[in-house]
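K.L.:
Mapping the sequence shown onto full-length UniProt numbering, position 110 (from 1) lands on 110, and the numbers just tick up by one. For glycine and all other residues, C-beta sits at the position ideal for the given N, C-alpha and C. This is the structure I want to talk about, given as structure tokens.
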Amino acid sequence: MAARQMASFASHDTGTLYLVPTPIGNLDDMTFRAVKTLKAVDLIAAEDTRNTQKLLNHFEIETKQISFHEHNTQARIPELLERLKQGESIAQVSDAGMPSISDPGKELVKAAIDAEIPVVPLPGANAALTALIASGIEPQPFMFYGFLPRKASEQRTALQALAEARQAVIFYESPYRVAKTLTTIREIFGERQAVLARELTKKFEEFIRGSLSDLIDYATASARGEFVIIVAPGEKKVPTPSEVPIDSQVQTQIDAGLRPNDAIKAVAKANGLKRQQVYNTFHGIKEDQ
Numbered sequence: 001m002a003a004r005q006m007a008s009f010a011s012h013d014t015g016t017l018y019l020v021p022t023p024i025g026n027l028d029d030m031t032f033r034a035v036k037t038l039k040a041v042d043l044i045a046a047e048d049t050r051n052t053q054k055l056l057n058h059f060e061i062e063t064k065q066i067s068f069h070e071h072n073t074q075a076r077i078p079e080l081l082e083r084l085k086q087g088e089s090i091a092q093v094s095d096a097g098m099p100s101i102s103d104p105g106k107e108l109v110k111a112a113i114d115a116e117i118p119v120v121p122l123p124g125a126n127a128a129l130t131a132l133i134a135s136g137i138e139p140q141p142f143m144f145y146g147f148l149p150r151k152a153s154e155q156r157t158a159l160q161a162l163a164e165a166r167q168a169v170i171f172y173e174s175p176y177r178v179a180k181t182l183t184t185i186r187e188i189f190g191e192r193q194a195v196l197a198r199e200l201t202k203k204f205e206e207f208i209r210g211s212l213s214d215l216i217d218y219a220t221a222s223a224r225g226e227f228v229i230i231v232a233p234g235e236k237k238v239p240t241p242s243e244v245p246i247d248s249q250v251q252t253q254i255d256a257g258l259r260p261n262d263a264i265k266a267v268a269k270a271n272g273l274k275r276q277q278v279y280n281t282f283h284g285i286k287e288d289q
């Protein structure tokens, strides 16, 4: 298929889809261009219209909103595309930060591009980069991952794929799961330097810097606000499960919060061994010859 190119500011018969970042905490981070754009468009597609209305009220923006979130994406896209084709311009916003970055947006962008509708991104606030530049960890190269899968097995698979990355890795996490997620990261990555950033741009903005173990202690004792986790690059090859003694694997799982029997079962599955074999090895029971 031939490559297609469209200048965002060239004359065209359709409307334009604007991707407008919103502040991640401090309303003073709203740009003049963002305010001007939200006032000028015909419609604002918002992740949460109630949340966005507070922003619009603050800046005296009277543009009409329509909801556009992860639960109505497929139903809403045809309607938004039709309005764009009829010449209306639409601004797409998420609750905080940039659309499409761990927020809704990417499906609408792709649909607009496929329909040859101009897509214009505005620069603005982003939690990952805001945290990275103040982290003290080497910022280049880096990998942004966002939220890890919630299911434990899927999370571990994702982290195994990242374990040997030779760059900083950035995650997002909620206060309810941050301690557990950090524990799993340490188990798979090994001990590394890392940073927790919370309440970015707000009154109680905080950076917690140290080893993963230090961060786990902090998160276990006190975890409030949304977190950005930045993990420094690994310095050596991370051992695969087969290279780590079975008893050590089981103990690591127990230290991470699993019950002994569950830890033995998980290690047996990961190594393709019988549960009884792992049980005997962990408890120092010699098998009959």
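At what residues does the beta strand (DSSP E) containing R209 begin and finish?
P.N.:
Looking up residue 209 in the sequence shown gives position 209. It spans 206 to 211 - the beta strand (DSSP E) in which R209 sits, taken as one unbroken run.
K.L.:
Locate the beta strand (DSSP E) running through F142, then write down its first and last residues.
P.N.:
Locating residue 142 in the sequence shown gives position 142, counting from the first residue. First-last of the beta strand (DSSP E) with F142: 142 to 147.
K.L.:
Can you tell me whether E116 is buried or exposed, with buried defined as 16 or more other CB within 10 angstroms of its CB?
P.N.:
Indexing the sequence shown from 1 puts residue 116 at position 116. E116 comes out exposed.
K.L.:
Which word fits L200, buried or exposed, when buried means at least 16 other C-beta atoms lie within 10 angstroms of its C-beta?
P.N.:
Within the sequence shown, numbered from 1, the residue matching residue 200 stands at position 200. It counts as buried.
K.L.:
Go to F68, then tell me how far its alpha helix (DSSP H) extends in each direction, as first and last residue.
P.N.:
The residue you call residue 68 lines up with position 68 of the sequence shown. Note, F68: premise wrong, no alpha helix (DSSP H); not H, not E.
K.L.:
Looking at G146 and A125, is the spacing between their C-beta atoms short of 8 Å?
P.N.:
As a first step, residue 125 is located in the sequence shown; it is residue number 125 there, counting from the start. As a first step, residue 146 is located in the sequence shown; it is residue number 146 there, counting from the start. It is not a contact, given that the beta carbons lie outside the stated cut-off.
K.L.:
Touch check for the segment 152 to 168 and the segment 134 to 142: three-plus C-beta pairs under 8 Å?
P.N.:
These segments touch.
K.L.:
With the cut-off set at 8 Å, would you say L159 and R186 are in Cβ contact?
P.N.:
Along the sequence shown, one-based indexing puts residue 159 at 159. Along the sequence shown, one-based indexing puts residue 186 at 186. No; because the gap between Cβ atoms is not below 8 Å, this pair is not in contact.
K.L.:
Is the beta carbon of A197 sitting closer than 8 Å to the one on V228?
P.N.:
Here residue 197 is taken as the residue at index 197 of the sequence shown, counted from 1. Here residue 228 is taken as the residue at index 228 of the sequence shown, counted from 1. Yes. Within cutoff.
K.L.:
Classify I90 as helix, strand or coil using the three-state DSSP reduction.
P.N.:
Walking along the sequence shown from the start, residue 90 turns up at place 90. Correct three-state label for I90: strand.
K.L.:
Can you pull the DSSP bridge partners for V169?
P.N.:
Counting from 1 along the sequence shown, the entry for residue 169 is found at position 169. In DSSP, V169 forms a bridge with M143, V231.
K.L.:
Return the first residue and the last residue of the alpha helix (DSSP H) that P260 is part of.
P.N.:
Taking the sequence shown and counting its residues from 1, one reaches residue 260 at position 260. Segment 260 to 271, the alpha helix (DSSP H) holding P260.
K.L.:
Scan the segment 11 to 41 and note each continuous alpha helix (DSSP H) run of 4 residues or more that stays entirely inside, going in chain order.
P.N.:
Listed in chain order, they are 32 to 40.
K.L.:
Mind checking T157: buried by the 16 CB within 10 Å criterion, or exposed?
P.N.:
As a first step, residue 157 is located in the sequence shown; it is residue number 157 there, counting from the start. Per the 10 Å Cβ criterion, exposed.
K.L.:
Check this for me: beta carbons of F59 and A45, under 8 Å apart or not?
P.N.:
Here residue 59 refers to the residue found at position 59 of the sequence shown. Here residue 45 refers to the residue found at position 45 of the sequence shown. Not a contact, by the Cβ cut-off of 8 Å.
K.L.:
Thinking C-alpha only, which one of D247, P121, S135 is nearest Q277?
P.N.:
Here residue 277 refers to the residue found at position 277 of the sequence shown. The candidate whose alpha carbon is nearest that of Q277 is D247.
K.L.:
Are the CB atoms of G15 and L108 nearer to each other than 8 Å?
P.N.:
For the purposes of this step, residue 15 is taken as the residue at position 15 of the sequence shown. For the purposes of this step, residue 108 is taken as the residue at position 108 of the sequence shown. No.
K.L.:
Under 8 Å between the Cβ atoms of A127 and F207?
P.N.:
Here residue 127 corresponds to residue number 127 of the sequence shown, with the count starting at 1. Here residue 207 corresponds to residue number 207 of the sequence shown, with the count starting at 1. No, they are not a contact pair.
K.L.:
Check whether chain D comes within 8 Å of Q276, counting only Cβ atoms and requiring the distance to be less than that.
P.N.:
Any reference to chain D falls outside this structure, which holds one protein chain only.
K.L.:
Using a Cβ-Cβ cutoff of less than 8 Å, which residues in the same chain neighbour T220 once the five nearest sequence positions on both sides are dropped?
P.N.:
Against the sequence shown, residue 220 aligns to sequence position 220. Here the set comprises A179.
K.L.:
Within the continuous beta strand (DSSP E) that includes V178, where are the two ends?
P.N.:
What you label residue 178 is simply residue 178 of the sequence shown in a count that begins at 1. No beta strand (DSSP E) holds V178; the alpha helix (DSSP H) holding it covers 178 to 189.
K.L.:
Would you kindly report the start and end of the unbroken beta strand (DSSP E) that includes I44?
P.N.:
On the sequence shown, residue 44 is found 44 positions in, with the first residue counted as 1. Where I44 is concerned, the enclosing beta strand (DSSP E) stretches over 43 to 46.
K.L.:
Check for me: the alpha helix (DSSP H) holding L196 runs from which residue to which?
P.N.:
Taking the sequence shown and counting its residues from 1, the one referred to as residue 196 is at position 196. Here L196 belongs to no alpha helix (DSSP H); instead the beta strand (DSSP E) covers 193 to 198.
K.L.:
Name the DSSP beta bridge partners of P121, please?
P.N.:
Against the sequence shown, residue 121 aligns to sequence position 121. Answer by DSSP bridge pairing, in chain order: L19.
K.L.:
To the nearest angstrom, how far is it from the Cα of V267 to the Cα of K286?
P.N.:
In the sequence shown, residue 267 corresponds to position 267, counting from 1. In the sequence shown, residue 286 corresponds to position 286, counting from 1. Cα-Cα distance, rounded: 18 Å.
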